[in-house]
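Encoded as structure tokens, the structure appears first; notes follow it.
Numbering (full-length UniProt numbering), first residue to last: 1 to 337.
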């Protein structure tokens with residue numbers, strides 16, 4: 001059994017991770033750390049787990065585990081690792097953004113590997129530390145990786161993507177309050193969302209020269225190529241993106257390219273039929289649909305932000321790191337109605 005410890009287990013990503021790992025056939029949850037909830041049952045916070053487990057939250061943590069998940073806020077993973085000694089034998093999967101970018105991957109003489117299996121599967125298998133991708137980043141990269149793999153990304157990429165309220169985390173805020181979010185739609189961080197940085201580095205990994213060379217910041221250089229307008233949707237979970245690029249490919253050529261790229265990746269599917277968000281909610285799937293309109297290639301992608309965009313992908317990475325079938329514990333079904 002893989003012995004698992006979780007830091008920050010009371011939040012949304014921690015709760016989703018617990019939901020998956022409780023029924024994972026190869027996992028023993030050793031501790032679920034939450035200092036503010038120590039001694040409480042997991043279901044006192046995550047009431048969807050009532051009837052599934054009698055585990056309690058712990059204020060303690062230790063290195064007598066095989067893998068540590070860091071389900072903490074951005075900036076807090078680095079602070080935690082700076083303040084606490086983790087045995088070098090323990091594998092780690094960080095769900096914050098602290099170690100995702102090339103300039104920030106070093107820890108204990110090793111490098112965090114960017115944990116997008118559809119991009120870095122072989123490197124993930126031998127990695128000690130994984131930086132789990134962001135939710136928007138996962139969705140948008142999966143929509144674009146096949147084109148980048150053949151050097152077919154044009155100078156300008158146009159992205160409109162809408163996310164559910166869980167993408168903002170568990171702490172209530174003005175833009176997550178039900179009375180504001182319900183029956184509402186808004187844009188935020190237009191052309192400057194932080195996930196542009198990891199998206200652009202991954203695309204540059206496949207399509208050399210994608211990132212412009214200049215003295216500007218990584219975010220500014222990424223925004224020169226990717227026109228990204230994120231939106232807040234009036235639903236709890238999921239991301240739906242509509243992306244278009246100029247392309248000389250026919251629709252069938254595009255489908256052939258995407259089918260080939262994702263043939264060995266069990267969680268990313270290419271659909272000839274139009275897609276909707278309910279097909280992926282509560283699953284680790286990402287489903288892509290393509291359409292050709294004149295010289296424009298339209299790429300639609302639907303992803304669950306908390307699973308394939310966070311905790312599900314973290315478990316997928318753990319499976320790969322420990323030599324398991326990457327689907328283990330992740331055969332989850334969506335709710336169609």
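Virtual Cβ for every residue (Gly too), placed ideally from N, Cα, C. In this text the structure is predicted, and so the values were computed from the model without any measurement.
**Study point:** Integer-rounded CB distance, given that residue 292 should sit under 8 Å from residue 269
**Key:** The pair is not a contact, with the Cβ atoms about 19 Å apart (cut-off 8 Å).
Practice item. Keeping to the same chain, check which residues put their C-beta closer than 8 Å to that of residue 33; ignore five residues upstream and five downstream. Key: 5, 6, 7, 8, 9, 57, 58, 59, 60, 61
Check your understanding: Residues bridged to residue 126 by DSSP?
Key -> According to DSSP, which records beta bridges pairwise, residue 126 is partnered with nothing at all.
Point to revise | Identity of the residues DSSP links to residue 337 by a beta bridge | key: Bridge partners of residue 337: none, in fact.
Check your understanding: Any contact of the stretch 194-202 with the stretch 213-221, i.e. 3+ C-beta pairs under 8 Å?
Key -> yes
Exercise for review: Answer with yes or no whether the minimum CB distance from residue 12 to chain C is below 9 Å.
Suggested key: Given the protein chain composition of this structure (a single chain), no chain C is represented.
Review point. Using the C-alpha atoms, what's the distance from residue 298 back to residue 19?
Key: 35 Å
Check your understanding: From residue 84 to residue 90, what distance separates their C-alpha atoms?
Key -> 13 Å
Review point. Taking the alpha carbon of residue 231 as the point to measure from, which residue in 45, 25, 222, 166 has its own alpha carbon closest?
Key: 166
Exercise for review: Measure the Cβ-Cβ separation of residue 77 and residue 96 and say whether it is below 9 Å.
Suggested key: yes
**Study point:** For residue 16 and residue 307, the rounded distance between their alpha carbons
**Key:** 7 Å
**Study point:** Cβ shell of residue 227 (< 7 Å), same chain only, five flanking positions each side left out
**Key:** 156, 157, 158, 159, 191
**Study point:** Inter-residue spacing [alpha-carbon to alpha-carbon] between residue 31 and residue 75
**Key:** 22 Å
Check your understanding: Can you tell which of 300, 154, 233 has the C-alpha that lies nearest to the C-alpha of residue 273?
Key -> 300
Practice item. Under the assumption that residue 206 contacts residue 223 (Cβ atoms under 8 Å), give the Cβ distance between them as a whole number of angstroms. Key: About 19 Å; that fails the 8 Å criterion.
Check your understanding: So, do the stretch 306-322 and the stretch 253-262 have three or more beta carbon pairs nearer to each other than 8 Å?
Key -> no
Practice item. Going by CA-CA distance only, name the one from 45, 12, 67 that's closest to residue 319. Key: 67
Review point. Alpha carbon to alpha carbon, how far is residue 125 from residue 184?
Key: 42 Å
Point to revise | Terminal residues of the alpha helix (DSSP H) in which residue 13 lies | key: 12-21
Exercise for review: Could you tell me how far apart the beta carbons of residue 122 and residue 145 are, in whole angstroms, since I believe they sit closer than 8 Å?
Suggested key: Not a contact, Cβ separation roughly 15 Å.
Exercise for review: Classify residue 154 as buried or exposed, calling it buried when 16 or more other Cβ atoms lie within 10 Å of its own Cβ.
Suggested key: exposed
Point to revise | Local conformation of residue 56 per DSSP, three classes | key: strand
Review point. What do you get for residue 40, buried or exposed, if any count of 16 or more other CB atoms within 10 angstroms of its CB means buried?
Key: exposed
Point to revise | Ordered list of beta strand (DSSP E) runs contained in the stretch 249-325, each at least 3 residues | key: 268-271, 286-293, 296-303
Point to revise | Cα-Cα separation between residue 182 and residue 65, rounded to whole angstroms | key: 42 Å
Check your understanding: Taking buried to mean at least 16 other C-beta atoms within 10 Å of its own C-beta, is residue 304 buried or exposed?
Key -> buried
Check your understanding: What is the rounded straight-line gap between the Cα of residue 282 and the Cα of residue 79?
Key -> 31 Å
Practice item. Could you spell out where the beta strand (DSSP E) holding residue 163 opens and where it closes? Key: 157-163
Exercise for review: Could you name the residues of the same chain whose beta carbon sits closer than 6 Å to that of residue 105, not counting the 5 residues immediately before and after it, in chain order?
Suggested key: 99, 111, 112
Check your understanding: residue 114 and residue 140: beta carbons closer than 9 Å?
Key -> no
Point to revise | CB-CB length for residue 296 against residue 334, believed under 8 Å | key: Rounded, the Cβ-Cβ distance is 29 Å, inconsistent with contact.
Review point. Considering only residues of the same chain and omitting the five flanking positions on each side of residue 3, which have a CB-CB separation below 6 Å?
Key: 28, 30, 65, 66
Practice item. Go to residue 232, then tell me how far its beta strand (DSSP E) extends in each direction, as first and last residue. Key: 226-232
Check your understanding: Whole-angstrom Cβ separation of residue 235 and residue 294, contact assumed at under 8 Å?
Key -> Contact flag wrong, Cβ pair sits at about 31 Å.
Point to revise | For residue 71 and residue 13, the rounded distance between their alpha carbons | key: 6 Å
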